[in-house]
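Chains as they are written, first to last, in UniProt numbering: chain A, 1 to 115; chain B, 1 to 115; chain C, 1 to 115; chain D, 1 to 115.
Ideal Cβ placement from N, Cα and C applies to all residues, glycine included.
Owing to the predicted nature of the structure, the values given are computational and were not obtained by experimental measurement.
Number of protein chains: 4
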Amino acid sequence: MALQQLEHADEQMRECIDNCLEAAQVCEWCADACADEGEEMARCIRLCRDVADLATLHARFMARDSGYHGELASICADACEECAEECEQHDHDHCQACAEILPECAESCREMASA
Amino acid sequence: MALQQLEHADEQMRECIDNCLEAAQVCEWCADACADEGEEMARCIRLCRDVADLATLHARFMARDSGYHGELASICADACEECAEECEQHDHDHCQACAEILPECAESCREMASA
Amino acid sequence: MALQQLEHADEQMRECIDNCLEAAQVCEWCADACADEGEEMARCIRLCRDVADLATLHARFMARDSGYHGELASICADACEECAEECEQHDHDHCQACAEILPECAESCREMASA
Amino acid sequence: MALQQLEHADEQMRECIDNCLEAAQVCEWCADACADEGEEMARCIRLCRDVADLATLHARFMARDSGYHGELASICADACEECAEECEQHDHDHCQACAEILPECAESCREMASA
Numbered sequence: 001m002a003l004q005q006l007e008h009a010d011e012q013m014r015e016c017i018d019n020c021l022e023a024a025q026v027c028e029w030c031a032d033a034c035a036d037e038g039e040e041m042a043r044c045i046r047l048c049r050d051v052a053d054l055a056t057l058h059a060r061f062m063a064r065d066s067g068y069h070g071e072l073a074s075i076c077a078d079a080c081e082e083c084a085e086e087c088e089q090h091d092h093d094h095c096q097a098c099a100e101i102l103p104e105c106a107e108s109c110r111e112m113a114s115a
Numbered sequence: 001m002a003l004q005q006l007e008h009a010d011e012q013m014r015e016c017i018d019n020c021l022e023a024a025q026v027c028e029w030c031a032d033a034c035a036d037e038g039e040e041m042a043r044c045i046r047l048c049r050d051v052a053d054l055a056t057l058h059a060r061f062m063a064r065d066s067g068y069h070g071e072l073a074s075i076c077a078d079a080c081e082e083c084a085e086e087c088e089q090h091d092h093d094h095c096q097a098c099a100e101i102l103p104e105c106a107e108s109c110r111e112m113a114s115a
Numbered sequence: 001m002a003l004q005q006l007e008h009a010d011e012q013m014r015e016c017i018d019n020c021l022e023a024a025q026v027c028e029w030c031a032d033a034c035a036d037e038g039e040e041m042a043r044c045i046r047l048c049r050d051v052a053d054l055a056t057l058h059a060r061f062m063a064r065d066s067g068y069h070g071e072l073a074s075i076c077a078d079a080c081e082e083c084a085e086e087c088e089q090h091d092h093d094h095c096q097a098c099a100e101i102l103p104e105c106a107e108s109c110r111e112m113a114s115a
Numbered sequence: 001m002a003l004q005q006l007e008h009a010d011e012q013m014r015e016c017i018d019n020c021l022e023a024a025q026v027c028e029w030c031a032d033a034c035a036d037e038g039e040e041m042a043r044c045i046r047l048c049r050d051v052a053d054l055a056t057l058h059a060r061f062m063a064r065d066s067g068y069h070g071e072l073a074s075i076c077a078d079a080c081e082e083c084a085e086e087c088e089q090h091d092h093d094h095c096q097a098c099a100e101i102l103p104e105c106a107e108s109c110r111e112m113a114s115a
């Protein structure tokens, strides 16, 4: 997606916005799909919901250059890492998609947090 | 809660904001707690998540007197009604709390939609 | 962006998700930037904030295949159209970017609403 | 409001949820109203928007007992404090309402962050 129009955002921030919005999408899907798989997926549902909320807000804070995007980046990275570790233990397509997408999001959020 | 300071909001709108924020809280709790109860609660999780999102945004749109609060009121009422019907079929404390709180929220949203 | 992994989403829905997430980004930026331009931009700020919220929630509802995505699509289309009309009257880069991006989002939301 | 039904939440958390939801309402109002007051309110709009988003998400994370509510509490407290300092410099009713409500929210978020 990489919205080239965002004048205040450099390449690193644009990439982080994209990663966060992808993470949010895949976690919305995974949280929803896990509801059909029984109580052993409870932790996955919870972490996916948290990532969906945090990554969405982080992307929006970057898009409007909020003074709090850096603080949020750090929480978002934590949640992505914990969620990726949980998801990689499950064979469902949605969990595997999370496990594939979230580490890159975690990494770019970690870089934004220390920028 | 009823924030008396909101000058643009009459008593009906303040009450609807309160109802929406209560609905969002109880649905956040219910969606989370249902994750431990197995796949027969999947529909409950989904509807509670939708109500939590819709009621929160509806409350925020009323708090800032957005021109779109009336359109959102109608969807929010629909979701509260469908969610209350689902929740009242389950004996869990969280489902019973939803079934108790959501009808009043649905009613006040319906009134705001036609105001 | 177009997250190919979302198994439940056909090409039309994936495109609408992308359009909504672009609309949300550009409107976050425009609402923020307009705050520095004085009170004649008040209507632009308000409409951009509404689009940012509605388009974000619409994208998330599609990503999780919520039963309410169709109802939300219609409001989102309305808000995008009204916001695009407002933004095209202003020469600022951020307003012009909104005026360029929002009509496509409005159109795909309208199609989703009637699907 | 204080939703007594939330079984996992003790009195301190319930009070923090209430404070966050009041902070979100008053900041939605203030950000909206400041748009009519000209560019000297730009910082106030920005901080109010950030508080509205952060306090809302913090309240929702507490309502569902998310593992990330403590990390979010700390950012929310920072934003409430910075916003209160900005708002108390302005005589508008909405700014004075923010200056009155936000310090209590900041304090309870700070307590939740260290709990």
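Would you please state the rounded distance, in angstroms, between the beta carbons of E7(D) and D93(B)? I believe it to be under 8 Å. The pair is a contact, with the Cβ atoms about 6 Å apart (cut-off 8 Å).
Quick one: any contact between the region 69-80 of chain C and the region 71-79 of chain D, if contact means 3 or more CB pairs under 8 Å? No, the region 69-80 of chain C does not touch the region 71-79 of chain D.
Own chain residues within Cβ distance below 8 Å of P103(C), not counting five before or after: Non-local C-beta neighbours of P103(C) in its own chain, meaning closer than 8 Å and more than five positions away in sequence, comprise C80, E81 and A84, ordered along the chain.
Taking Cβ to Cβ, would you say R64(C) is nearer than 8 Å to A42(A)? R64(C) is not a Cβ neighbour of A42(A), given a cutoff of 8 Å.
Taking a cut of 7 Å between CB atoms, which residues from the region 43-56 of chain D lie near chain C? Listed by position along the chain: I45 and R46.
Can you tell me where the alpha helix (DSSP H) holding S74(C) begins and where it ends? It spans H69 to C87 - the alpha helix (DSSP H) in which S74(C) sits, taken as one unbroken run.
Counting along the chain, where does the alpha helix (DSSP H) carrying E37(C) start and finish? For E37(C), there is no enclosing alpha helix (DSSP H), as DSSP marks it with neither H nor E.
Quick one: does S66(D) have its CB under 8 Å from some CB of chain A? It does: the Cβ of S66(D) has a partner Cβ on chain A nearer than 8 Å.
Please name the residue in C105(C), I101(C), A106(C) and E107(C) whose C-alpha comes closest to that of Q4(A). Nearest C-alpha to Q4(A): I101(C).
So, do the region 50-58 of chain B and the region 33-42 of chain D have three or more beta carbon pairs nearer to each other than 8 Å? No, the region 50-58 of chain B is not in contact with the region 33-42 of chain D.
S114(D) classed as buried or exposed, judged by whether at least 16 other C-beta atoms fall within 10 angstroms: Label assigned to S114(D): exposed.
Cβ separation of A52(C) and A24(C), assumed to be a contact under 8 Å, to the nearest whole Å: Taking 8 Å as the upper bound for CB-CB distance, A52(C) and A24(C) are in contact here, some 5 Å apart.
Where D36(A) meets chain B, residues with beta-carbon distance less than 8 Å: Residues of chain B passing the Cβ test: E39 and A42.
Using a Cβ-Cβ cutoff of 7 Å, what residues of the region 22-34 of chain D are near chain C? List them in chain order. Answer set for the region 22-34 of chain D: D32.
Report the residue from C105(A), H90(A), C109(A) and R110(A) whose alpha carbon sits nearest the alpha carbon of C44(A). For the set C105(A), H90(A), C109(A) and R110(A), the Cα lying nearest the Cα of C44(A) is the one of H90(A).
Short Cβ contact (8 Å threshold) for V26(B) with C98(B): Cβ distance < 8 Å, so V26(B) and C98(B) count as in contact.
E71(B) CB to nearest chain C CB: under 8 Å? Interface flag for E71(B) against chain C is set, since a Cβ pair is found closer than 8 Å.
Are the beta-carbon atoms belonging to C105(D) and E28(D) less than 8 Å from one another? Taking the C-beta atoms as reference points, E28(D) is found no nearer than 8 Å to C105(D).
CA nearest to the CA of C87(C), picked from S66(C), G67(C) and L47(C): With respect to the C-alpha of C87(C), the residue from S66(C), G67(C) and L47(C) having the closest C-alpha is L47(C).
Run of the alpha helix (DSSP H) containing A99(B), from where it starts to where it stops: Its alpha helix (DSSP H) spans residues D93 to A113.
Consult DSSP for A9(A) and reduce its assignment to one of helix, strand or coil. Coil, per DSSP.
Look at M62(C) and C95(C) and say whether their C-beta atoms are less than 8 Å apart. Result no, Cβ atoms of M62(C) and C95(C) do not sit closer than 8 Å.
Which of helix, strand or coil DSSP assigns to R64(A): It is coil, neither helix nor strand.
Would you call the CB atoms of E107(B) and Q12(B) closer than 8 Å? For E107(B) and Q12(B), no; Cβs fall outside 8 Å.
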